[in-house]
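Quick mapping for you: the protein sequence lines, in order, are chains D and W. Position one of the first sequence corresponds to residue 34 (my numbering), numbered consecutively onward. Position one of the second sequence corresponds to residue 489 (my numbering), numbered consecutively onward. Remarks on the structure that follows.
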Amino acid sequence: MYTWLPVSSGAVVGELEQYISSEYDPVRVAKKLADGISGAVKAVLIERNYNDKDYRSTYYSFYAKKGQRYRSDCVRLHFFDETVLFDDQTLKLSCADNRITDHYFGYMVLRPTGIATIGRTVLSPDVRSGASRYIITAHHKVHLLGYKLTIQGFPSMDQHVDIAVCAHVACWSVLRHYSESYCVYREFLTHDITMMAHEFNPGGLVPSKGLQMSHAERVFQEAGTFPVHIAREHSRAKDPSFYRQLIAYVESGFPLFASMHTRAHAIAVVGYEWRPPVNTAIPGMRYAWDEVQSLAVVDDNHLPYLSIPRTGGSEYSVEDIDAFIVALPEKVFYPADAVDRLAPALFKLGAAVGLPPQDETIIRYFITTGSALRRFVREKESEFDPQLLATIMKLPFSQFIWIVEFATEAQWAVGQVAARAVIDATASLREIMPLWLLHSCKQALVFDRRKVGLDSLRGVGSLNLDDMGHTGFTRMDQNLRPTQTK
Amino acid sequence: MDNEKSDGSMDNQEKDVSDVIKGLTPVDPKVLEAFTREMTDQVIPEILRVVEERRVLAAESRLWQLKC
């Protein structure tokens, strides 16, 4: 039932098919692994007769009804580094430090469907060749041989082709991430996603015809989220704010269901990589999006964390994405489009706060919670004037807030910011001052949300801050996991 | 995204910010006026326009078929 397969460079390609029957298509799987997994994976534990809940959901509703016989069980592959050993007599895993989970790189389920056999997979970005620097991940529990292992990753799988297509898989990936990350969201199996997309049971091969964007939106609504659907203007050159808000949501830790209309393809956007810092001779305000080199996507035709460039690319690029759905929690009313327009206007308050010159600033915005901001400030409390720290602790933030960070080019290069604004994510579109706070190192403007809508003079107060002796605040990077390439 | 609930206490929500945060001083009214004018004349109309435009674009894209 268990086979330990030491992996020397490229050898896994030839060996998997010796141990796994052809209905799991081990040759194609081994080729994909050889092409996409780093040399840090030194052993694969093959677990047979594995009951996979996602495959079973499709087996009960589809494969069991077919004339062709399908197995009901799967094979699961587990990936380890060179320090882990396996005793096939006692079925024990061991390593020198007794922390097997630290040497575990995740798993891949193989379905007995003959084609598109890669099922539920959670792989560490650390061993994915070419993975981007920052990836949205959750902790996934894995029970194996009596050990409880944990892997940080983002779920992925091949599409089934006949009963689920790329759009089903992208929805499933995002929702499985949610159920692993947040206790308010339940788990949905592959077949559940197929059912949620329609008002009725589509049955048979109807799902293989694909999903419309509206169906994907319906899936996220059924799952209890509040999906926001953003489509790009037809001319991408005219719509830079589409990409600015795309990266804002990803930086906020929300994976995106993204469509490429001309390719009739859907993917999940799960991470990004900054370009190397540059010194530009031409002044001009820039946005975080301008500093992005590539996005990380989960595409059902590839292993997870495929890195796609802004333009060009061998298959497709970020420019091909022309709509996305972000599955938000309920209390985010103020849209990214509004933040995108509000952020440059905050320079009108620059004289009262001490913002850097507008045409030398890089603007970054994202959603977080008041609690996360307070936790971040507490961790970096030496950077904050005690009065500013107390202000952040005392302001009655809404649960979700937008943060806008202002950085000079020099600060951006070292992960610092000059100033930060805290915007009420529950604000209305017509609010003139939808802010809680705008601060730099020297000055803070504090907004009383009970008064500011009625009387801006009485609703805003200024706070002089002591110089804490630093060149900038630490940039608030905390939602995505930095990849540690192995 | 963080999953935690806001911990702003009810006491704070009942009081004015100036009662809770000491040392606040008035802001130059000219700065606030300039910001208010910018928001009223430029930013809010632009936000309303772009949000409506996004709604129309989203409506058009809802029928896109995704199957590859």
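Beta carbons: idealized from backbone N, C-alpha and C, even for Gly. Keep in mind that this is a model prediction, so the values were computed, not measured.
The Cβ atoms of Phe290/D and Ala281/D lie no closer than 8 Å to each other. Assignment of Cys128/D by DSSP, reduced to helix, strand and coil, places it in the coil class.
For Asp529/W, no Cβ of chain D is located within less than 8 Å of the residue's own Cβ. For the 8 Å CB-CB criterion, Asp355/D and Ala264/D form a contact. Beta-bridge pairing by DSSP links Met293/D to His298/D. At a cut-off of 8 Å between beta-carbon atoms, Met246/D makes contact with chain W. The criterion of a C-beta distance shorter than 8 Å is not satisfied by Ile425/D and Tyr367/D. In this structure, DSSP gives Arg343/D a state outside helix and strand, which the three-state scheme calls coil.
From the listed residues Ala458/D, Val74/D and Thr295/D, the smallest Cα separation to Pro362/D is found for Ala458/D. Closest in C-alpha terms to Glu213/D, from the list Cys204/D, Pro188/D and His224/D, comes Pro188/D. For Gly179/D, the closest alpha carbon among the candidates Asp195/D, Val160/D and Thr134/D is that of Thr134/D. Proximity of Glu540/W to chain D, defined by a Cβ-Cβ separation below 8 Å, is not satisfied. At a cut-off of 8 Å between beta carbons, Pro515/D makes no contact with chain W.
Along the segment 200 to 213 of chain D, going in chain order, the ones with a CB nearer than 7 Å to a CB of chain W are Ala200. Residue environment: Asp373/D is assigned as buried (16 or more neighbouring CB atoms within 10 Å of its CB, all protein chains considered). Secondary structure within the segment 322 to 386 of chain D: the alpha helix (DSSP H) runs of 4 or more consecutive residues, fully enclosed, are 369 to 378 and 383 to 386 (chain order). Under the DSSP assignment, Ala314/D falls outside any beta strand (DSSP E); it carries neither an H nor an E label. Between the alpha carbons of Leu375/D and Ser90/D lies a gap of roughly 46 Å. In this structure Leu143/D is not in contact with Cys199/D, their Cβ atoms being roughly 19 Å apart against a cut-off of 8 Å. Counting only runs of at least 4 residues, the segment 418 to 472 of chain D fully encloses the following alpha helix (DSSP H) elements, listed from N- to C-terminal order: 419 to 427 and 442 to 446. At a Cβ-Cβ threshold of 8 Å, Tyr35/D and Glu80/D count as neighbours. Between Trp37/D and Phe119/D, the C-beta gap is smaller than 8 Å, which places the two residues in contact.
The alpha-carbon of Gln192/D is positioned some 10 Å away from that of Ile148/D.
Within its own chain, the residues whose Cβ lies closer than 8 Å to the Cβ of Tyr218/D, once the five positions on either side in sequence are excluded, are Leu208, Tyr211, Ser212, Ala256, Gly257 and Thr258, listed in chain order. According to the DSSP secondary-structure assignment, Trp205/D is paired through a beta bridge with no residue. Taken through DSSP and simplified to helix, strand or coil, Gly186/D comes out as strand. Contact between Val330/D and Leu339/D holds: their C-beta atoms lie close to 5 Å from each other, under 8 Å. If the five residues before and after Ile395/D are omitted, its C-beta is found closer than 6 Å to the C-beta atoms of Arg319, Ala440 and Trp445, all from its own chain and listed in chain order. Taking a cut-off of 8 Å for Cβ pairs, the segment 152 to 162 of chain D and the segment 308 to 326 of chain D do not touch, as fewer than three such pairs fall below it. Chain W places a beta carbon closer than 8 Å to that of Ser495/D, counting this residue as a contact.
Nearest CB-CB separation between Glu266/D and chain W: below the 8 Å threshold.
Here Ala171/D carries a strand assignment [DSSP, helix/strand/coil]. Among the residues of chain W, those whose CB is under 7 Å from the CB of Ala299/D are Leu554, following chain order. For a cut-off of 8 Å, the C-beta gap from His262/D to Ile358/D is around 5 Å, short enough to register as a contact. Glu80/D: member of the beta strand (DSSP E) spanning Ala76 to Tyr83, first to last residue. The residue from Phe253/D, Phe433/D and His201/D with its alpha-carbon nearest to that of Gln553/W is His201/D.
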